[in-house]
Structure formats: structure tokens, C-alpha cells
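Just so you know, we're using UniProt numbering here: the sequence shown kicks off at 1 and counts up by one.
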Amino acid sequence: MQLLDEEEERIDEARFINVLEAHANLVASASSSADDAEFEIEKYENVKRYLTRLGKRMAEDPEDRPIFVKNGFFRMVIRSLASYYTTFERAQAARPSPSGDGDEAAWRTETEKKDDLYHRISIVMMLCMRVLRNVMADNPEAQIEVCQKFDRLLPFFVNITRFHNLNDPDTVPLCCTGVQMLSNLITKNSIVQDEMWPRIVTTDKDEEKLVLKFLSSADTGTSSAAQVLLINFLRAPDSNGSTYRRCYELCTSPQGLQILQSLSSSSQSIMLRIGEQLKNEPEFDAEWEGLEDSLGFIWTIFSVLFDQGYSSLLVSALAPMDAISSSSNPMDEQLITNSQVILLKCIDLWLHAYHLDTRSCWSEGSIGSFAPRLNLDLNAKEDAVKGGGLSGLVDHFMRLSAFARGAMARGIAKEGTPEENQPQDRRLIGVHAALLLLLECFMSINMSADGWSDGVVEEEGEQSFANLSRTLLSEMRGNEAFVEELVALLDQTHKYAPALSPFRPDKEGSGTSSNSSADKGSRPLPQGHAYSSTGKAAQEGKDKQPAYGFDHLKRGIVRVLGSLVYAPTGNYRAWGKPSKTFESSLTKTQIRQVQDLVREKGGLFHVLNMTVLDERNPYMREHAIFALRYLLAGNQESQNLVASLQPTQSQNPNGGMQLPMV
Numbered sequence: 001m002q003l004l005d006e007e008e009e010r011i012d013e014a015r016f017i018n019v020l021e022a023h024a025n026l027v028a029s030a031s032s033s034a035d036d037a038e039f040e041i042e043k044y045e046n047v048k049r050y051l052t053r054l055g056k057r058m059a060e061d062p063e064d065r066p067i068f069v070k071n072g073f074f075r076m077v078i079r080s081l082a083s084y085y086t087t088f089e090r091a092q093a094a095r096p097s098p099s100g101d102g103d104e105a106a107w108r109t110e111t112e113k114k115d116d117l118y119h120r121i122s123i124v125m126m127l128c129m130r131v132l133r134n135v136m137a138d139n140p141e142a143q144i145e146v147c148q149k150f151d152r153l154l155p156f157f158v159n160i161t162r163f164h165n166l167n168d169p170d171t172v173p174l175c176c177t178g179v180q181m182l183s184n185l186i187t188k189n190s191i192v193q194d195e196m197w198p199r200i201v202t203t204d205k206d207e208e209k210l211v212l213k214f215l216s217s218a219d220t221g222t223s224s225a226a227q228v229l230l231i232n233f234l235r236a237p238d239s240n241g242s243t244y245r246r247c248y249e250l251c252t253s254p255q256g257l258q259i260l261q262s263l264s265s266s267s268q269s270i271m272l273r274i275g276e277q278l279k280n281e282p283e284f285d286a287e288w289e290g291l292e293d294s295l296g297f298i299w300t301i302f303s304v305l306f307d308q309g310y311s312s313l314l315v316s317a318l319a320p321m322d323a324i325s326s327s328s329n330p331m332d333e334q335l336i337t338n339s340q341v342i343l344l345k346c347i348d349l350w351l352h353a354y355h356l357d358t359r360s361c362w363s364e365g366s367i368g369s370f371a372p373r374l375n376l377d378l379n380a381k382e383d384a385v386k387g388g389g390l391s392g393l394v395d396h397f398m399r400l401s402a403f404a405r406g407a408m409a410r411g412i413a414k415e416g417t418p419e420e421n422q423p424q425d426r427r428l429i430g431v432h433a434a435l436l437l438l439l440e441c442f443m444s445i446n447m448s449a450d451g452w453s454d455g456v457v458e459e460e461g462e463q464s465f466a467n468l469s470r471t472l473l474s475e476m477r478g479n480e481a482f483v484e485e486l487v488a489l490l491d492q493t494h495k496y497a498p499a500l501s502p503f504r505p506d507k508e509g510s511g512t513s514s515n516s517s518a519d520k521g522s523r524p525l526p527q528g529h530a531y532s533s534t535g536k537a538a539q540e541g542k543d544k545q546p547a548y549g550f551d552h553l554k555r556g557i558v559r560v561l562g563s564l565v566y567a568p569t570g571n572y573r574a575w576g577k578p579s580k581t582f583e584s585s586l587t588k589t590q591i592r593q594v595q596d597l598v599r600e601k602g603g604l605f606h607v608l609n610m611t612v613l614d615e616r617n618p619y620m621r622e623h624a625i626f627a628l629r630y631l632l633a634g635n636q637e638s639q640n641l642v643a644s645l646q647p648t649q650s651q652n653p654n655g656g657m658q659l660p661m662v
């Protein structure tokens, strides 16, 4: 039967629908004769060819899509797909159990695949799904049609999202097309989105959590399509609060947190795969592109959640679960999860992007009209979205910093105690990474504020990032506990990982270098130079305990301290108003309070200790000098304290001069 006119490439839809339904009935008859099988394969080739052509035409010709729906052919394809499922399930159950490593299906010849009824039905169902997918593109009538008949398709989706089917080479193309069809089903259609969101995203039924299951697929194409599906849900086309509501459910419901955990794990897995490929095959290939696209989709999902004000809430939601038994070893209690660290990396990137956009607007003098803005629901009652969802990051920092100080204090080798008897708390590794990221987040916020504690009242529903940064900087400056914690952490980190001076004496302490192999790498003290206390500490303690690489933590603390006391100068264009000198009593008052508090807690000495040369952190000196410049600016008491410091003679006559700061 000729269904396609090769010259005009036109399709007789009515005749083909009959053939499609006839083929569905044929495979459902379960005849085992060779003649019937050969006849069915012939019909399969015809159906396959037609569906391929039909799917292509629906993708290329938008005008044909409404006609296809209006004539009832779209409904018949849905019905045929449901009819095929019965045979699909039967053929699936009749397949032999996989043997070996499970990859034999991927290595079968085309002839072997065509002789497999399960493979043939999978191809037909995939092509039917492709037709549905393409017809629904920018076609609300088709979307509503599928939504109303989704119960017919649900058993099929439940089947292919079972773990063993989701990773079956024969089923992977079907899964990928299926999730693409779901994505087109809900795109730009708020009615369908409201109907499908509780059915496939936040449902309590494990077997119907289709989005979660598709996200967990090992196939990059399938998981990426599921990520796009989730993005389409979160970027609702209307303004009735759907985006905010769905983001809230995603961040607070158990089902939503499962999805976010899956996304976090996927991003970590992608980075590991990219790193492994860079190591083995440094040349770019198609798989890299797919992995990078998937990573970009995950970033987009998290950035939408951050824009809605759920940054710190997410960090709390992904925290480790409480210990099941109270008798558990406290040293084994998890404080930070990989998901939280990955989330903090995303927040850091998100804030950095906003900071760059804000700087660009400042340089162009357009901060009032075109500054990046957050779509915040300022009427939200949840405390989690306070400060754009970023205020809670300070609380996370305080908690982790307190633990880090205690762990470092316990980890410093005591006099007369062998190093092997001074165990280190391994949890400090993850906490250290989280603290670094939090400090980077604070820096992006403070730099976007440009030193100002003052903002302006803006319209409800959105807020510029520059104005939000000023509010957050004001909160940090006014939080005495936060400033005190920064000073205490800097002090403890300095004791735990002292600077490694580039000027180290030889073994005899004579200040001259030796040519012996035992002294290789030691450097003499140049004439006229003095050893700092950290240089001496590094020399005395270098054989007692290893270097822990906490130099970046010290740098981050000093930078944040400097940003808290940074005073803006000069003219600027304020929120679209004419340029003028902006004198702020609040900004000046808060800066002075921070300066005084840092001095009272000994922070000036700690920052001065950072001005020594450090081999492991060559730019630490510059960061410390910048911080000192603003810690002392306009503060006579702090200036007098520094001026009162006098160098003292070292006990070692060959050791130079040394400042009395430890």
C-alpha cells in the first residue's frame, strides 16, 4: 500500500491511521508463525517510514499542527500509543534476562534488532511520541488534549522510568523522546502546568515521580531533557505567583528536595566525568558538549531558585540528617554535605555574575534603570527570603566558623606530644571549603554595595541587586557577633597554619647559606632584614606539623574585614539621579563601629601579622595592607595603637629584629 507520494512528499493521514491501528492490532494478536512475523515486519517498516516523515513535517510546518489536531488524527495517535503499550509490556516480560555486563543489547546488529519484537515496538512508540511532541509545539489545543488523556499514557511512563528500563539501550531513545514530549506538553501553558506539576513533580506516589526518575537517567540526553522540563515549569508564563509557589515547594517539600539532591549529585558527577576526559582525551568531542549543556541547565534551575530568594533556605534544607543514635561517635557526625558545598559554589557564581553586571551598570552610569534586579516576593511571610534569601548565609558562616576554630585548636600539636597522637578532625576539610565559599559570597555582596550601607525604597515584587547588597552590608556591619567571629577565626587560622617565610636561616642560625645537600632549599637572611614572628614560627614548627593549606582562608577573612570598613569616596550616579557627593551618616557610623570592635578584639594585631611575606600566599601582604588602610582611616585610637608598637631586639643576635606580635 503506497502511503507516501515521493514526488510531493504528501501524507494520506486518514489511510495511515488505519494502517497504524491495523499494525497495533497485528502485533497484539501474538501470532508466532514465521509468515505472520514476516508480514508484521513488513508493516513495521512501512509504519516506521511514515511516522518518521510525519514527525519531520510536524516539526517543520507549524500550520499543519492545528489541522492535524482538528481532524482527529492527533487523538488517534494517542489511542494507538496506548494500544501498543499492552504489546510492549508483554514483549518486555518475554525478553530473556540480561547476561554478562548487560551491554549485549548495544552491540546487536540491525538485523537482530529488527527481529526483536520488543525493539520494533519501542521504535514505533518512540516515533509516535515524537509526533505528539512536535504537534504540541506552540499548540495549546494539542497540549490540553494530551493533558486530558494523560491517564492513558501514565502506565507507559511508569514502565519506562523503572530503573532497569531507564538504562536499557533499547529503551533509552524512547525515554529521551518521552521526556521531550512532556517538556513540550507544559511549555508556555499555565493551565497544563498547574495540572501536571502535582502529577509528575511533587506527587507522593514513588512510581509517578517521573521528573525525578528522568533526572537520574545515566543517559545525558534524557537527563538534560528532564532538566529543561523542570526549567519550563519554574519559568511560568503568567504572573499569578506560580513560579514563586513552585520554587517554594521545590525547596521545602520532601519530593522537591529529592529533585534538588539529584541535581546536585548530577553536577558533581558531570564535573568528575569532564575531569576524567580532560585527563585521558583532552580533545573536545560531542559528549563534552552534552555534559556542558547539562551543567548549564542545572545552573539555570538553581539560579531561578536564588532569584526567588531561596539561597540560604536551600543550604539549610540540604543539611545532613541528625544522627540516628545518640551513642554515635561525635567525630563521625557530618556537618556539611557535598550537596551543600556544590550549592554554595552555585551561589558564589550567581552572586559574582550579579556583581559583574552591577559594576558594568555603575561604569555606564545607568544603575537606576538597568541594574540587575531580583524577582523577589517582598510580601512573602517566610523568614527564609529575608535579605533576598542571603541573610541566612551569615548564620551558616557563624556555625561553621565556631566548629572550625575548635577543630583547629584541638589539631595543633602540643609540646612533647607526637604528631601521630594529635589526630585531625577530618570534617574540617569540608567545613574549610564551605567557609571559603561563604567568604567569597560576602565579598561579592560587599563589592556590589561599593561601601555604602544605605539603600532606597523600591517597588514591591523586585529589588535591584545593588540596593540589596547595601542592605546586606549594613546588616553585616551591624552584626557584632559576625565581626568578632571573623577576628577570632583569623587568629585561630594563623596559629593553625602560620605563614611560611621565604627568608629562613640555615641550621646553625648564622644567616648564611650552606652548600650541603641537607641545607638545600634554605635561604639566607638578606642584610638589613628582620625575621617576623610568623617567619620564626614557620622555622620552629615546620618539622612539628604539616602545612594544611589554610592560606586562602586567611586571605578571605582579611578581604571581608577590609570590605566591611571600606569607605566609598568620590562622586557617583545614584539610582538614575544627577551625580552628587553622597554623605551618609549611617555608613560612617557603621564603619567606625567595625573599626573600634576589630581593635578591641585584637584584630589589628592579627591583620598586621598577615603583612609578612608568605611563600604559600604571595599576595596576602597586599590584602592585609588594604584592610589596614581602612581599619585605621579616620580612627585616631587605632592609629595611636599601631604607632605605639616598637620593634624589640631578638634574643638571637643574628636573627634581626622582630615585632612583638604573635
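C-beta atoms are modelled at their ideal positions from N, C-alpha and C, and glycine is treated no differently.
Rounded to whole angstroms, what's the CA-CA distance from residue i to residue j? Just pull it up for me.
i	j	result
L154	L343	33 Å
L257	A317	8 Å
L272	M610	35 Å
H119	D307	44 Å
R246	L234	7 Å
N167	L174	11 Å
D61	T471	52 Å
P66	I144	13 Å
P489	L278	Correcting the residue type first, residue 489 is Leu in the shown sequence and not Pro. Answer to the nearest angstrom: the Cα atoms are 37 Å apart.
I78	L127	12 Å
V394	F442	9 Å
residue 664	F465	Past the boundaries of the shown model lies residue 664; the chain is included only from 1 to 662, so the question cannot be answered.
F157	Q148	16 Å
V642	L428	34 Å
L608	G634	18 Å
L305	N467	20 Å
Skipping 5 residues on each side, what residues in its chain have a beta carbon closer than 6 Å to that of residue i?
i	result
E440	D348
H23	K43, V47
I591	V565, A567
L196	Looking at the sequence provided, one finds Met at residue 196 rather than Leu. Once the five neighbours on either side are set aside, the close Cβ partners of M196 are I186.
Q340	V315, L318
N280	none
Y248	none
For residue i, which residues from the same chain have a beta carbon less than 7 Å from its beta carbon, with the 5 sequence-adjacent residues on both sides left out?
i	result
S267	L295, I298, I342
F403	L335, V431
C176	D219, G221, T222, A225
V179	F214, T222, A225, A226, L229
L553	H432, L435, L436, T493
If you run the structure through DSSP and keep just helix, strand and coil, what is residue i?
i	result
S444	helix
S311	helix
S265	helix
S563	helix
residue 708	The requested residue 708 does not occur in the structure, where the chain is confined to residues 1 to 662.
S29	coil
S122	helix
S391	coil
S303	helix
L645	coil
S501	coil
S464	strand
D425	coil
E615	coil
N184	helix
Q148	helix
M271	helix
I625	helix
residue 676	The structure shown does not extend to residue 676, since the chain spans only 1 to 662, so no value can be given for it.
E333	coil
N635	coil
Residue i: beta carbon under 7 Å from a heavy atom of the ligand NAP?
i	result
I298	Although the ligand NAP was asked about, the structure shown includes no ligands whatsoever.
If you drop the 5 nearest sequence neighbours on each side, which residues of the same chain put their C-beta closer than 8 Å to that of residue i?
i	result
S391	S312, L472, E475
Touching by the beta-carbon criterion (3+ pairs, under 8 Å), the stretch 47-56 and the stretch 83-96: no
Complete alpha helix (DSSP H) runs within the stretch 196-268 (minimum length 4 residues, chain order): 210-215, 220-234, 242-252
Segment contact, 8 Å Cβ cut-off, at least three pairs: the stretch 474-484 with the stretch 616-627: no
Runs of alpha helix (DSSP H) wholly within the stretch 60-89 (minimum 4 residues, chain order): 64-70
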